[in-house]
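A.B. asks: Protein chains in written order, with my numbering: chain A, 545 to 882; chain B, 69 to 412. Before anything else, here's the structure in question.
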């Protein structure tokens with residue numbers, strides 16, 4: 545299937561004095577395990593139809609969400625949750641165990657060593673990385689590069705997994721993937737086959753595409769979900785101050801789903817954002833702008849990167865907000881010819 | 069109908085190892101197909117009255133917009149969407165299938181080989197190409213040339229389709245079309261018959277003209293929609309900082325409709341933009357300017373081209389923002405026969 549990738553090497557993890565954790569099995573438990581725990585197979589099927597494919601994913605829904613599924617009464621939901629809690633640990637773990645869990649985070653190279661160093665190794669899984677900036681600042685180009693680098697094996701600092709691409713602006717260019725694949729020494733046809741792509745036209749469609757992902761991601765190893773851009777449809781489907789509150793609520797629900805996908809399946813979520821002008825932004829700054837989406841998006845993104853155009857083909861990336869990275873800048877180059 | 073165009077040649081597509089896709093049928097599914105899927109013919113008529121003529125177009129509206137149509141309840145809307153989802157695939161496809169879909173993109177020649185090379189072959193369908201620049205930089209001249217080159221057959225790098233022209237500045241000159249048609253060896257009368265033209269006077273009128281296009285485009289093969297210029301009426305109908313937010317919102321909705329038209333019917337959208345002065349633009353640049361429309365327009369345009377005047381009849385075009393083209397320049401010339409390569 546993946547033509548030039550090598551087989552999974554569990555020795556990529558740092559050896560620690562505890563027993564090695566096999567990271568693929570550790571991360572999620574398929575929902576079928578509930579059947580052996582005594583839950584009716586028909587009920588498990590109803591969960592799958594509602595987009596829940598793992599036990600971890602089950603615990604990311606409120607009881608109200610679950611009783612909303614047709615055919616599941618409150619009593620059944622209680623029974624299902626009880627069984628799931630025995631399979632997956634939702635209680636406390638020690639800080640040392642938390643440190644161990646962080647070792648399952650994979651950092652996917654961006655193709656630029658300077659940018660990788662800025663990010664502490666690359667784009668992180670189990671996190672949402674937001675890239676905002678004006679038009680032509682390189683956000684979509686990085687998305688295309690990540691489509692390829694995610695498929696590299698782990699010893700080449702890739703993600704060794706497939707890519708899902710949700711396009712809300714019509715800027716995905718599969719013909720750009722071909723030279724990028726050749727640069728990394730991979731077969732372009734195989735690389736394109738490992739990208740699942742969808743074009744969304746409304747914010748509802750964008751949200752429904754996320755629900756459809758759970759089925760795919762529980763069956764095949766995905767490592768990256770790109771949403772380019774996360775905000776474009778929301779800015780158009782909701783207009784005016786009167787609809788702003790509803791827009792932010794819907795945006796918050798979608799971002800929450802993105803966070804859960806990232807942590808449930810250990811994928812990196814890379815989303816691009818637009819900028820808005822800031823007329824009151826300040827007398828000293830020429831042409832001030834700020835990222836769209838308001839506080840809802842600001843808080844949901846784990847790592848926020850600001851992109852701007854440099855000289856010619858150069859682009860500058862600055863870390864705007866990250867739990868574990870300093871605010872520094874990196875300059876990267878965008879190649880069109882090889 | 070189209071006097072000098074040859075018949076459609078499906079072999080224009082690159083041969084791939086999968087079966088060839090017949091591009092005319094593949095691109096959109098008429099809304100009438102819903103009737104055979106069990107939807108009431110009267111409901112389908114209501115959709116058409118609201119400007120929805122294809123199943124693809126149906127999926128480009130939110131549920132809220134659809135329930136807003138008179139006569140369609142929520143239950144009916146759910147039923148309609150369910151039926152449409154079976155006809156059109158709105159889920160995921162592989163990158164390889166996306167590459168095959170890109171083969172349906174047609175690149176329309178601009179009349180200048182240098183400019184065509186800059187654009188990777190010509191103006192692309194399924195995309196919005198924005199041309200901005202000062203007055204007299206060649207934007208409207210290119211629009212007139214495209215009116216003719218779009219009607220060329222595909223083996224002459226044309227679009228083999230009709231043209232819709234929305235004019236907001238009163239600069240369309242049908243008498244310019246005649247020498248351009250003759251340059252390309254086409255019958256001027258037939259060429260003019262294949263252009264549908266409208267003059268818009270308010271931003272609301274401009275938006276409504278877009279809604280009326282869906283009916284036309286689902287019946288006859290259009291390949292180009294020109295909006296010259298997209299911004300003029302917005303700058304006048306909205307004044308001052310107080311109305312700026314509302315202006316940008318309305319502009320965003322209109323641009324979103326343009327994007328959906330481009331992707332629903334596989335047409336190229338060519339829109340011209342104005343420039344505004346940029347007093348804080350920088351001490352070192354003399355007379356700095358930037359395109360109007362703000363970030364809303366900047367993000368909506370797929371390909372942005374900057375035009376400026378060169379020597380005499382020459383004009384320079386620079387790629388400002390494109391997903392797949394490097395930032396380079398090309399020089400072309402305005403001639404009586406439209407846009408052409410510059411003669412040194």
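Glycine is no exception: its CB is placed at the ideal position from the N, C-alpha and C atoms. This structure is a prediction, so every number in the text was calculated from the model and none was measured.
#1: Can you give me the C-alpha to C-alpha distance between residue 139 (chain B) and residue 371 (chain B), rounded to a whole angstrom?
#2: Excluding sequence positions up to five away, which residues of its chain have a Cβ less than 8 Å from the Cβ of residue 691 (chain A)?
#3: CB residue 335 (chain B) to CB residue 285 (chain B), shorter than 9 Å?
#4: Can you find the residues in the same chain that come closer than 7 Å, C-beta to C-beta, to residue 402 (chain B), ignoring five residues on each side of it along the sequence?
#5: Looking only at its chain, what residues have a beta carbon closer than 8 Å to the beta carbon of residue 801 (chain A), apart from the 5 residues adjacent to it on each side?
#6: Considering just the uninterrupted stretch of the alpha helix (DSSP H) at residue 721 (chain A), what are its terminal residues?
#7: Taking C-alpha atoms, which residue in A:601, A:638 and A:713 lies nearest to residue 328 (chain B)?
#8: Could you spell out the range, first to last residue, of the alpha helix (DSSP H) harbouring residue 309 (chain B)?
#9: Under 7 Å Cβ to Cβ from residue 822 (chain A), same chain only, skipping five residues before and after it: list those, please.
#10: Consider the Cβ of residue 703 (chain A): report whether some Cβ of chain B lies at a distance smaller than 9 Å.
#11: Are there any heavy atoms of the ligand SAM lying less than 8 Å away from the beta-carbon of residue 136 (chain B), as far as the coordinates show?
#12: I think residue 819 (chain A) touches residue 845 (chain A), with their Cβ atoms under 8 Å apart; what is that distance to the nearest whole Å?
#13: Going by DSSP, which residues form a beta bridge with residue 201 (chain B)?
#14: Looking only at its own chain, which residues have a Cβ that is under 7 Å from the Cβ of residue 156 (chain B), when we skip the five neighbours before and after it?
#15: If you check the beta carbons only, do residue 163 (chain B) and residue 745 (chain A) fall under 9 Å apart?
#16: Can you pull the chain A neighbours of residue 392 (chain B), defined as C-beta to C-beta under 8 Å?
#17: Distance cutoff 9 Å, beta carbons only. Does residue 731 (chain A) sit that close to anything in chain B?
#18: Assuming residue 216 (chain B) and residue 259 (chain B) are in contact, meaning their beta carbons sit under 8 Å apart, how far apart are those beta carbons, in whole angstroms?
#19: With DSSP as the reference, please indicate the residues paired to residue 383 (chain B) in a beta bridge.
#20: Which residues, in order along the stretch 805-820 of chain A, keep a beta-carbon less than 7 Å from a beta-carbon of chain B?
#21: Pull up the DSSP beta-bridge partners for residue 708 (chain A), would you.
#22: Measuring alpha carbon to alpha carbon, tell me which of A:673, A:876, A:731 and A:636 ends up nearest residue 866 (chain A).
#23: Quick one: grab the DSSP three-state call for residue 647 (chain A).
#24: In chain order, what residues of the same chain have a beta carbon less than 7 Å from the beta carbon of residue 777 (chain A), not counting five sequence neighbours either side?
#25: Restricting to Cα atoms, I'd like to know which of B:187, B:398 and B:293 is closest to residue 281 (chain B).
#26: For chain A, is any of its Cβ atoms less than 9 Å away from the one on residue 212 (chain B)?
#27: I want to know whether the stretch 612-626 of chain A touches the stretch 651-669 of chain A - three or more CB-CB distances under 8 Å.
#28: Determine, for residue 364 (chain B), whether the minimum Cβ-Cβ distance to residues of chain A falls below 9 Å.
#29: Go ahead and label residue 249 (chain B) buried or exposed: buried means 16 or more other beta carbons lie within 10 angstroms of its beta carbon, across all protein chains shown.
#30: Three or more C-beta pairs closer than 8 Å, one from the stretch 307-327 of chain B and one from the stretch 779-786 of chain A: is that the case here?
#31: Is residue 637 (chain A) helix, strand or coil when you go by DSSP?
#32: Under 9 Å between beta-carbons, which chain B residues line up against residue 677 (chain A)? List them in chain order, please.
#33: Spatial neighbours of residue 270 (chain B) within its chain, please: CB distance less than 7 Å, with the 5 preceding and 5 following residues excluded, ordered by chain position.
#34: Does the beta-carbon of residue 660 (chain A) have 16 or more other beta-carbons within 10 angstroms, so that it is buried, or is it exposed?
#35: Quick check on residue 390 (chain B): buried or exposed, where buried means 16 or more other Cβ atoms within 10 Å of its Cβ?
#36: State the beta-bridge partners of residue 673 (chain A) as determined by DSSP.
C.D. replies: According to the structure data:
#1: 39 Å
#2: 707, 709, 721, 724, 735, 739, 768 and 770
#3: yes
#4: 206, 209, 381 and 383
#5: 751, 754 and 755
#6: 718-727
#7: A:713
#8: Looking at the DSSP string, residue 309 (chain B) is not in any alpha helix (DSSP H), and its letter there is neither H nor E.
#9: 832, 833 and 834
#10: no
#11: For the ligand SAM, the structure offers nothing, since it holds no ligand at all.
#12: Incorrect: roughly 14 Å between the Cβ atoms, too far for contact.
#13: B:375
#14: 97, 123, 124 and 127
#15: no
#16: 717, 719 and 720
#17: no
#18: 6 Å
#19: B:377 and B:400
#20: 818, 819 and 820
#21: A:740 and A:769
#22: A:673
#23: coil
#24: 712, 744, 746, 747 and 750
#25: B:293
#26: no
#27: no
#28: yes
#29: buried
#30: yes
#31: coil
#32: Under the 9 Å cutoff, chain B gives no residues; its nearest Cβ is about 11 Å from residue 677 (chain A).
#33: 301 and 305
#34: buried
#35: buried
#36: A:814 and A:847
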